[in-house]
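Beneath this line is the structure, given in structure tokens, with notes to follow.
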């Protein structure tokens, strides 16, 4: 036994058998980048135009010139120098806004679209100038398959994004002109002129209309004011206000006007128009074009001449947009224009940024691009800062932007919790249900401090409907900061939704936790458990990255990789979880720690992506981000080694000794061991696979029944195989003489790989040890069913005294007999009887003494007592089998019990085996006799004195007068073996003479063995003496 254990231990050490996992940690590739740029914060596997494979790596702290904009690197994995180059997305500037790109964190979000091989990189802290403020709305850049920037995704516009055209009355009646010019300069200085904000154009009219400068001519307040200072009064005898307004509408807003900008017109005049008949149509056209009109009536001309201005005021009110109290101004003269500058500016700005759904102000600090997710008709963008930091999810489609109103979230994000900052959109993804198709899922890790995940639909009209919500369990766990759908069986329907809480506190440590929800056919999300690690330390942040990956181990089910970037003192680790059927296995299959890959890695596992075969070997590979580096982990092919063993001949015939080994006749045999390698995951068909195999015979005994001919075969043998090609080897061995034919010989083949560091790995669900049983031939017919026919015959030595013949069913037991002998003959008239046995039961008055084989038969009979009952013996006959046509005679001896005396004796013999008996009627014998026991008693008498003379004249004259004493002693002795029951002793003493005279009187009586009161029930045992004494 000790030898066998040491042998197995040696085999395991030599062959290197271990758990199968196929993420290679020996030949990984590390692509390094600038740590200070946070290179590796995000990573995506990507296919560019032409099919070349790249890694996209986010570096959100990357410098571009003097600004820390962030950027994205593309890294070729096929070049020796890693081929990383910056895409310089951070240098791309928007000309139509006054942007601030510093610290916008471009590359913090990175998502690749395998449909068109484009990708989106976002900088959620990108901001732009709006008035006197900077709004961090976030920005996303879409890049095509050729790594060319295609377009920008921005949500929300500046509140001052408007085109303003000022229409000045320059007719002769305006006086003094410098007052008008001063007003113009003052109001221009109130405007936030610049890209993405306000641009201004000025035209002057009288009889004719002149464009002083157009909307696109100047880009700053300074430039516009400088130009305004040089505007001179054009003059004119007529005031054609309708003409001036119409030219502004039809021409000024087209010369440099911007799509989407609010159109504002400011009309300044001091008198009724000469073309008032045209005003109605002109104003109608302005309304149609969406132009907001502010009208200012200067009453200086009327006041200086004492003219009633009522008609003039009515005309100006008609020009102004409704309502008049917000759009109409009048001043007493030109000098009073300076008094309405502030009021006019406030009214203009009060209109800016408002919209029908009231969403513009809610997106000012939206930080759109904190997360992103591709769907069929666009891109979903998480905006954690939207709606007072409660967050939201936006959508970019070819038809435009989709911005759900704040009210859409009110049921799950009530107003009373608005100050908590839920951060909805921290992460966004989608699931596919069998019932409703694609559903959007977004996380809000700060909701009510415990976190929440909502599942909803979003139409391109902006209608958002929340269907379900999932809530976190622990304050501060950041539940919902990372979410991922998993389609385990690859049918296109989501099976599980994973929700991470990377700051979950457990066992006194902040380890992290990943919740698993099952998506039912009724679109319900049922919590089925969680993934946790029990060996991680403080701040492991398990769940900081979730990466569903295609089937890694070839079992047909997609798998999962989870990052724990702060484990091992911030070095980091990732965990690989396999799936089965519709569930993710709770115990991780492989843990890959940064410390096992290379020294100096930090935050390994902060980002993970694995959807592609990066090295063209047919297996999915992993890209894992860390601080300043990305690690490419190759998947190794998973194989199975199929082992078959057949024997020649197929059974051991112990009756044939066809060779000699060590001078002894033995049975020689051979085993044909065939090995074949099949791949569970992709593998090149011509790849040679080096395996090791070891052959042994599992014999746990000092003298084994079977031995290999060449002991060197115990050493592991190397073999090179091609996938799908079977190779066979002959192994020769011999079987020694043995009596153990019942148990088969076990032939063991153990397989493994020659090298564990490279090439494929073994499927750990497939056995590497093949145990094949080689049975013994049972010597029976071809059907291998043995049909024995056991028969019993028996006689006993219990005889009567009459001529040695039996007397019915009665037997007399002599007083000196102590034993009973049963002579038995057991014969097998049929085929071999395997596990032949004899059951012996007997009555309690017998004690089993011995079983002695009478003749010179080689058949052995070994008996042992059953624990229950006591009066039974089971004997194995010629183990392991009793040969066909064999017989054995033996003698059974029993001792009679001296304490248990029965009126009968019974012995039952029953022979059986594992075979099917041909005739079971003669398999048993019963010996039953009623018993009579022969008693052997000795009776003696003694008197003292020995004689006593009675004279005729003597008589007992008076009662109580006693004569000379006369003592009589009687003794009964049992000389036999068995006790005597119900012994009766009758003693007669002469008391009267013939004539009636009293002769004797008993004066005393006692028994030295039994008390006188129990005399009637007294019995004596063997060799027991009973003595009685009578005194007369």
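Numbering (mature numbering (1 follows the signal peptide of the UniProt record, and there is no 0)), first residue to last: -20 to -1, 1 to 1012. Where a beta carbon is used, it is the ideal one built from N, C-alpha and C, also for glycine.
Rounded straight-line distance, which links the Cα of residue j to that of residue i
i	j	result
residue 416	residue 179	48 Å
residue 1	residue 617	10 Å
residue 611	residue 116	33 Å
residue 74	residue 44	15 Å
residue 817	residue 682	27 Å
residue 865	residue 684	30 Å
residue 133	residue 119	6 Å
residue 427	residue 457	11 Å
residue 85	residue 566	36 Å
residue 171	residue 53	40 Å
residue 386	residue 591	36 Å
residue 21	residue 598	27 Å
residue 233	residue 143	7 Å
residue 766	residue 896	7 Å
residue 37	residue 19	7 Å
residue 970	residue 977	11 Å
residue 8	residue 605	13 Å
residue 471	residue 588	23 Å
residue 1017	residue 526	Missing from the structure shown is residue 1017; the chain here goes from -20 to 1012 and no further.
residue 353	residue 570	28 Å
residue 954	residue 802	28 Å
residue 24	residue 534	23 Å
residue 678	residue 687	10 Å
residue 163	residue 314	9 Å
residue 311	residue 402	50 Å
residue 711	residue 613	41 Å
residue 422	residue 409	6 Å
residue 371	residue 186	53 Å
residue 893	residue 753	23 Å
residue 230	residue 365	40 Å
Residues that DSSP places opposite residue i in a beta bridge
i	result
residue 711	651
residue 796	Beta-bridge pairing links residue 796 to no other residue.
residue 307	Answer by DSSP bridge pairing: none, since residue 307 is not bridged.
residue 606	609
residue 498	476, 506
residue 742	619
residue 183	147, 191
residue 528	540
residue 277	249, 310
residue 669	701
Chain-order list of residues whose beta-carbon lies under 6 Å from that of residue i (same chain, five-residue window excluded)
i	result
residue 236	194, 195, 196
residue 444	384, 388, 436, 438
residue 473	412, 414
residue 690	none
residue 546	519, 520, 521
residue 451	432
residue 793	911, 913
Cutoff 7 Å; reference residue i; Cβ partners in own chain excluding five residues on either side
i	result
residue 523	462, 480, 481, 482, 492, 493, 494, 542
residue 168	180, 201, 204, 205, 208
residue 860	719, 720, 721, 722, 814, 815
residue 125	28, 29, 96, 97, 98
Integer-rounded CB distance, given that residue j should sit under 8 Å from residue i
i	j	result
residue 281	residue 130	Not quite, the Cβ-Cβ distance comes to about 57 Å (not below 8 Å), so this is no contact.
residue 1055	residue 145	Residue 1055 lies beyond the residue range present for the chain, which begins at -20 and ends at 1012; the question has no answer from this structure.
residue 562	residue 469	7 Å
Neighbourhood of residue i by C-beta distance below 8 Å, restricted to the same chain and skipping five residues each side
i	result
residue 881	825, 913, 958, 959, 961
residue 226	258, 262, 265
residue 304	297
residue 78	108, 109, 174, 175, 176, 177
residue 980	946, 969, 970, 971, 1012
Contact with chain C by residue i, beta-carbon distance below 8 Å
i	result
residue 973	In summary, chain C is missing from the structure at hand, where a single protein chain is found.
**Message:** Check whether the segment 824 to 835 and the segment 882 to 901 are in contact - that is, three or more C-beta pairs closer than 8 Å.
**Reply:** Here the segment 824 to 835 makes contact with the segment 882 to 901; the two share three or more CB pairs at distances below 8 Å.
**Prompt:** Is there contact between the segment 545 to 554 and the segment 579 to 587, where contact requires at least three CB pairs shorter than 8 Å?
**Reply:** Touching, per the Cβ criterion.
**Prompt:** Would the segment 622 to 633 and the segment 711 to 729 be scored as touching if the rule is three or more Cβ pairs under 8 Å?
**Reply:** Yes, the segment 622 to 633 touches the segment 711 to 729.
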